[in-house]
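Student: The sequence shown maps to residues 1 to 397 in the UniProt record's numbering.
We put the beta carbon where it would ideally sit given N, CA and C, even for glycine.
Nothing here was measured: the structure is a model prediction, and the numbers come from that model.
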Amino acid sequence: MDPWDTRTIPEYADMQYLSHHTTLPSSPTESTLSAFSRMSIDSNSAPIPSMFAPAIPTFAPDVTDSGQTQTFIHDHNINPAYYNTAPQAFPPFHNYVPDIECSDLTQGPVPQTQNYEVFPPSSHIKAVSTKFNPDFKPDGMLADTQLISNDAVVFYVHRHRLIEASSNGFDSLLDLHGSYFLRVVPEHSEQLNIMLHVIYGISCAPFQPNIDTILTVVCLLPKYGLQPKNYVAPTLPLFNDIRYRMPASPLLTYVISSNYDLVELAVMASAYLLSLDISSMSAEMVEFINPVYLKRLFDLQRARINALKHQLSFPPEPHSATPECDFIAQKSLTGAWVHSAASLIWNAQAGVTAGEIEEIFRKLDKNTPCNLCKDRLRERIKAIVIEWSEVKVCLQP
């Protein structure tokens, strides 16, 4: 620091902070499904889509030649229902950069280490989480750590809860010793919000996140030393948060469940994939999915189609010959049945419903003049509907 520099230590600290945050990251992908076109490797050797990889913190105001900070323009809108933007919600922050000596003459170099963290000036904080705010005391204890998302939202949490849950110090962000922590987490506030709900065992349903966002968080968990299998279980809130939104994105749910061996969730998702054309899956998705689960889905579809073929191979039983309808006349019904069954089997999907099967064969009823033949036809249709409803519709745990 120049001995003749008239800037105050806080001003100099702000300038140092800004010099490390002058590049805005690329905007996040809008669709989780498109992430399968780009793959990356997680720090715990779990391949995840690149959109699940961390983003760069977005504290990026411009700096004038005088070293003063220009007006900070935020690129993202925050839903006021999610975050508290009232002035009293923000405690005072110190514009402090590690290793800046409180001296007018000297300053040591700023170390560039893995655990080095620059504390953002308070003027750059955009909002405070409505859930994880200064009054958040699940065990009667005040928060001792502040996490700041890459869109400048503050979350008040308890360091010991994160340390106990994480196997890597929350991606080494909480490895440093001290009684109070403030760390920038390179994730969007919506994702960080869900992740903290997961750690504290709270449902994120009140915030109404979409299924793609929740599944993105599932893929982020290993990066922060959290095993998805420990949090996506039928008795835990995250499981139900995914379960009730799964119909909106069953394939993505199944693929991610397979990758982390979330058996119960994969079983539920498989029931929505009976009509899926597996050959239409992209190469990236096939690469990401666990091959064991891919085969199980294929076997499920094949087993259902084979069961349908077996059921349709038996036409209605003939009745005793009558003057109006002898055995030769009854062969016309058998021929019509075989023709309809062949058409159904040719275009059959594992997800065909009992109602669709019944509708196809009900057409034969109108063209059958013999009442006895109609009775036998209706009996056979009813039997097929019952048999088809008993064929398994999902994987077995």
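Could you check how far apart the C-beta atoms of Tyr254 and Ser270 are, in whole angstroms? I think they sit under 8 Å.
Tutor: Yes, they are in contact, since the Cβ atoms of Tyr254 and Ser270 sit about 6 Å apart, within 8 Å.
Student: Within 6 Å: the Cβ of Val184 and any heavy atom of the ligand NAD?
Tutor: With respect to the ligand NAD, the structure offers nothing, as it holds no ligand at all.
Student: Determine the direct distance from the alpha carbon of Pro228 to that of Ile360, and round the result to whole angstroms.
Tutor: Each residue's Cα considered, the two are about 45 Å apart.
Student: Output the distance between the C-alpha atoms of Val217 and Tyr231, rounded to the nearest integer angstrom.
Tutor: Their Cα atoms are separated by approximately 11 Å.
Student: Would you give the residue range spanned by the alpha helix (DSSP H) that Thr253 belongs to?
Tutor: Start and end: 250-259.
Student: I need the straight-line Cα distance from Leu333 to Lys392, nearest angstrom please.
Tutor: Each residue's Cα considered, the two are about 30 Å apart.
Student: What is the C-beta distance between Arg376 and Glu324, in whole angstroms, given that I count them as a contact (C-beta under 8 Å)?
Tutor: At roughly 15 Å, the Cβ-Cβ gap does not stay under 8 Å, so Arg376 and Glu324 are not in contact.
Student: Name the DSSP beta bridge partners of Phe155, please?
Tutor: Paired residues: Leu147.
Student: For residue 430, count neighbouring C-beta atoms within 10 Å of its own C-beta (all shown protein chains included) and say buried if the count is 16 or more, exposed if not.
Tutor: Not covered by the structure: residue 430. The range shown for the chain is 1 to 397.
Student: Terminal residues of the continuous alpha helix (DSSP H) containing residue 401?
Tutor: No answer is possible for residue 401: it lies beyond the span of the chain, which begins at 1 and ends at 397.
Student: Rank Lys363, Ala303, Ser249 by C-alpha distance to the C-alpha of Asp212 and give the top, closest one.
Tutor: Residue Ser249 is the option with its Cα nearest to Asp212.
Student: Under a three-way DSSP split, which group does Ala348 fall into?
Tutor: It is coil, neither helix nor strand.
Student: Roughly how many whole angstroms lie between the Cα atoms of Val184 and Leu147?
Tutor: Looking at the two C-alpha atoms, the distance is approximately 6 Å.
Student: If contacts are defined as beta-carbon pairs under 8 Å, then Ile345 and Leu308 qualify, I think. What distance do you get, rounded to the angstrom?
Tutor: About 7 Å separates the two Cβ atoms, so the contact holds.
Student: Using DSSP with H/G/I as helix, E/B as strand and the rest coil, what is Phe132?
Tutor: Coil.
Student: Using only CA atoms, which one of Ala266, Ser166, Ser340 lies nearest to Pro397?
Tutor: Per the Cα distances, Ala266.
Student: Tell me where the beta strand (DSSP E) around Leu173 begins and ends.
Tutor: Counting along the chain, Leu173 falls outside any beta strand (DSSP E), and DSSP gives it neither H nor E.
Student: Can you tell me whether residue 405 is helix, strand or coil according to DSSP?
Tutor: The shown model of the chain, from 1 to 397, leaves out residue 405, and the question about it has no answer.
Student: Do you know whose CA, among Gln301, Leu251, Gln311, lies nearest Ile289's CA?
Tutor: That would be Leu251, whose Cα lies nearest to the Cα of Ile289.
Student: Check the DSSP bridge columns for Leu182 and list the partner residues they point to.
Tutor: Gln146, per the DSSP bridge assignment.
Student: With burial defined as no fewer than 16 other Cβ atoms inside 10 Å of the residue's Cβ, what is the status of Pro80: buried or exposed?
Tutor: Residue placement at Pro80 is flagged as unreliable, the pLDDT there being 39, under the threshold of 50; a coordinate-derived value is accordingly withheld.
Student: Could you compute how far the alpha carbon of Ala342 sits from the alpha carbon of Gly335?
Tutor: The alpha-carbon atoms of Ala342 and Gly335 are separated by roughly 11 Å.
Student: Select from Ser149, Asp299, Asn240 the residue whose C-alpha is nearest the C-alpha of Ser203.
Tutor: Of the listed residues, the one whose Cα sits closest to Ser203 is Asn240.
Student: Report the option in Pro138, Phe327, Asn210 whose CA atom is closest to the CA atom of Cys370.
Tutor: Here the closest residue by C-alpha is Phe327.
Student: Compute the Euclidean distance between the alpha carbons of Glu284 and Lys374, then round it to the nearest angstrom.
Tutor: Roughly 51 Å separates the two Cα atoms.
Student: Assuming Glu358 contacts Ile386 (C-beta within less than 8 Å), just tell me the rounded distance between them.
Tutor: Actually they are not in contact, since the Cβ atoms of Glu358 and Ile386 sit about 11 Å apart, beyond 8 Å.
Student: Given a cut-off of 7 Å, decide if Gly351 and Leu274 are closer than it, judged by their beta-carbon atoms.
Tutor: Going by C-beta atoms, Leu274 is nearer than 7 Å to Gly351.
Student: For Ala383, which of helix, strand or coil comes out of DSSP?
Tutor: Residue state, collapsed to three classes: helix.
Student: Out of Asn133, Arg304, Trp337, state which residue places its alpha-carbon closest to the alpha-carbon of Lys363.
Tutor: When each option's Cα is compared against that of Lys363, the closest is Trp337.
Student: Using a Cβ-Cβ cut-off of 6 Å (strictly less than) and excluding sequence neighbours within five positions of Ser189, which residues of its own chain qualify?
Tutor: Once the five neighbours on either side are set aside, the close Cβ partners of Ser189 are Ser149, Asp151, Val153.
Student: If you compare alpha carbons, which of Pro222, Phe314, Leu226, Ile194 is closest to Phe132?
Tutor: Of Pro222, Phe314, Leu226, Ile194, the residue nearest in Cα terms is Ile194.
Student: Please state whether the Cβ-Cβ distance between Leu312 and Leu395 is less than 7 Å.
Tutor: No, the pair does not count as a contact, with Cβ atoms beyond the cut-off.
Student: Run through DSSP, which three-state label would Ala127 get?
Tutor: Here Ala127 sits in strand by DSSP.
Student: Between which two residues does the alpha helix (DSSP H) holding Cys219 run?
Tutor: Unbroken alpha helix (DSSP H) run through Cys219: 211-220.
Student: Assuming Thr226 contacts Ala165 (C-beta within less than 8 Å), just tell me the rounded distance between them.
Tutor: The sequence given here has Leu at residue 226, not Thr. Contact flag correct, Cβ pair sits at about 6 Å.
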